[in-house]
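Before any comments, here is the structure.
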Amino acid sequence: MNRKEIIELLEIENGSKDFYELIRESNNKTREEFNNQAYIFSQIGINASPCSGNCKFCALAENNYLLDNEFEFDTELVVEKARLSFEEGIDDLFIMTTASYPLKNLLNIANTVSEAMPKGKRLVANSGDMSYETALNLKDAGYTGSYHIKRLREGIDTEIPVSQRIDTIEAIQKSGLELYYCLEPIGPEHTLDELAEEILFARDLKVKAMAVMRRIAVPGTKLEKLGQISKLQLIKIAAVTRLASSPTRCMNAHETVEGSLLAGVNQLYAEAGSNPRDDVIETSNNRGLSIKDVRTMLKEYEFNITS
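Here the sequence shown is numbered in the working numbering, starting from 181 and rising by one per residue.
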């Protein structure tokens with residue numbers, strides 16, 4: 181699928197006959213190619229402090245910090261939360277930090293968590309930019325993958341150079357860590373050409389786990405005034421991205437929209453701790469879904485869950 185074809189699909193009118201044909205095709209592709217298998221990912225935001233990335237859509241931005249205070253989970257607490265998450269039957273556990281979180285702490289967490297991690301499960305770092313050497317250190321410590329992306333309008337809506345993000349993506353893949361990717365944060369201001377460009381960029385990465393995410397208009401953030409795309413629009417973008425980027429394991433749409441489970445999505449996130457899209461310390465008490473919530477939703481849409 182080329183850029184023109186991707187844009188033509190993105191131009192389909194939401195709710196039209198072509199729209200339902202699009203999501204049907206994506207749904208069938210996922211259920212057939214992935215044997216109707218679904219996956220539960222859980223993310224723990226282990227710290228909250230003013231972040232130097234200064235993303236204009238983020239509640240944790242240094243120049244726009246919205247939380248009442250700062251915090252950092254100690255290693256013992258992270259390990260306990262990880263243990264409970266695996267006991268509840270997740271597939272992949274994401275450890276999320278702000279951009280400047282100390283590497284040694286991230287390594288210590290992996291050293292301990294990986295020892296108790298059930299066979300076949302995955303531990304994923306969602307952290308700041310890194311060198312090839314750092315990526316190797318993360319892998320040696322027990323991480324199996326890393327979530328890292330080149331955001332829409334990176335360097336414009338963030339203070340992070342595009343080249344820096346690409347260098348990190350290359351370092352992750354070179355190190356042998358699995359790269360988890362996402363088209364985000366999608367807002368009403370992004371053109372279809374921008375979306376198509378990033379979908380093609382993602383396809384070239386040949387990832388196993390792909391996602392799309394709409395930007396949440398968090399009250400008090402600099403981009404709040406731009407609003408957010410509809411759930412239906414996110415569902416359509418998820419379907420197009422699934423068909424065009426061809427991930428080999430799973431597809432996600434975030435924040436969770438149930439209808440996306442009929443549009444090619446077969447993986448959902450539970451969230452705890454800090455959350456860039458939330459203005460409270462513990463997102464599981466607000467925006468974040470629980471592991472039980474996610475499992476129930478996937479079962480209701482008749483996916484197979486082995487975890």
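Each residue gets a CB set at the ideal place from its N, CA and C atoms; glycine is no exception.
Rounded distance between the beta-carbons of residue j and residue i, thought under 8 Å
{"i": "Ala424", "j": "Leu357", "result": "So it is not a contact: roughly 24 Å between Cβ atoms."}
{"i": "Ile340", "j": "Tyr361", "result": "Their Cβ separation, rounded to whole angstroms, is 16 Å, which puts Ile340 and Tyr361 out of contact at 8 Å."}
{"i": "Ile471", "j": "Ser222", "result": "6 Å"}
{"i": "Arg429", "j": "Lys388", "result": "4 Å"}
{"i": "Thr338", "j": "Gly233", "result": "6 Å"}
{"i": "Glu451", "j": "Met477", "result": "Actually they do not touch by this definition, with Cβ atoms about 14 Å apart."}
{"i": "Lys294", "j": "Gly325", "result": "It is worth fixing the name first, because residue 294 is Ser in this sequence and not Lys. No, Ser294 and Gly325 are not in contact; Cβ-Cβ is about 12 Å, not under 8 Å."}
{"i": "Ala351", "j": "Ser307", "result": "Not a contact, Cβ separation roughly 12 Å."}
{"i": "Lys319", "j": "Ser355", "result": "5 Å"}
{"i": "Phe251", "j": "Thr401", "result": "That belief does not hold up - the Cβ atoms of Phe251 and Thr401 are roughly 20 Å apart, past 8 Å."}
Residues near residue i in its chain [Cβ-Cβ closer than 7 Å; skip 5 each side]
{"i": "Leu189", "result": "Leu202 and Val420"}
{"i": "Asn207", "result": "Leu442, Ala443 and Gly444"}
Span of the alpha helix (DSSP H) around residue i
{"i": "Asp272", "result": "Run containing Asp272: none in the alpha helix (DSSP H); it sits in the beta strand (DSSP E), Asp272 to Met276."}
{"i": "Asn207", "result": "Lys197 to Glu213"}
{"i": "Ile379", "result": "Leu372 to Leu385"}
{"i": "Ala185", "result": "At residue 185 the sequence reads Glu, which differs from the Ala that was named. From DSSP, the alpha helix (DSSP H) with Glu185 extends over Arg183 to Leu190."}
{"i": "Leu257", "result": "Thr255 to Glu267"}
{"i": "Arg475", "result": "Ile471 to Glu480"}
Residue i: CB within 6 Å of a non-hydrogen atom of the ligand FAD
{"i": "Asp373", "result": "Of the ligands one can find in the structure shown there are none, so the ligand FAD has no counterpart to examine."}
Host beta strand (DSSP E) of residue i (start-end)
{"i": "Leu548", "result": "Since the first and last residues shown for the chain are 181 and 487, residue 548 lies out of range."}
{"i": "Gln353", "result": "First-last for Gln353: Val342 to Ser355, but that is the alpha helix (DSSP H), not the beta strand (DSSP E)."}
{"i": "Ile220", "result": "Tyr219 to Gly225"}
Sequence-distant residues of the same chain with beta carbon closer than 8 Å to residue i, five excluded per side
{"i": "Glu374", "result": "Leu332 and Arg333"}
{"i": "Val392", "result": "Cys362, Leu363, Glu364, Ile366, Leu414, Ile417, Ala418, Thr421, Asn432, Ala433 and His434"}
{"i": "Phe214", "result": "Arg429, Cys430 and Asn446"}
{"i": "Thr436", "result": "Leu448, Tyr449, Leu469, Val474 and Met477"}
Beta-bridge pairing of residue i - partner residues as DSSP gives them
{"i": "Leu448", "result": "Ile220"}
{"i": "Val392", "result": "Leu363 and Ala433"}
{"i": "Gly453", "result": "Gly225"}
{"i": "Asn194", "result": "None; Asn194 has no bridge partner."}
{"i": "Glu358", "result": "Gly325"}
{"i": "Phe237", "result": "DSSP output for Phe237 lists no bridge partner at all."}
6 Å CB neighbourhood of residue i in its chain, flanking five on each side removed
{"i": "Thr367", "result": "Checking the displayed sequence, the identity of residue 367 turns out to be Gly instead of Thr. So the qualifying residues of the chain are Arg395 and Leu406."}
{"i": "Tyr245", "result": "Pro230"}
{"i": "Gly225", "result": "Met276, Gly453, Ser454 and Asn455"}
{"i": "Met181", "result": "Ala424"}
{"i": "Val460", "result": "Asn466"}
Extract the residue ranges of the alpha helix (DSSP H) inside the region 397–431, only unbroken runs of 4 or more that lie entirely within it. 411–425
Residue ranges of each alpha helix (DSSP H) within the region 273–333, 4 or longer: 283–296 and 312–321
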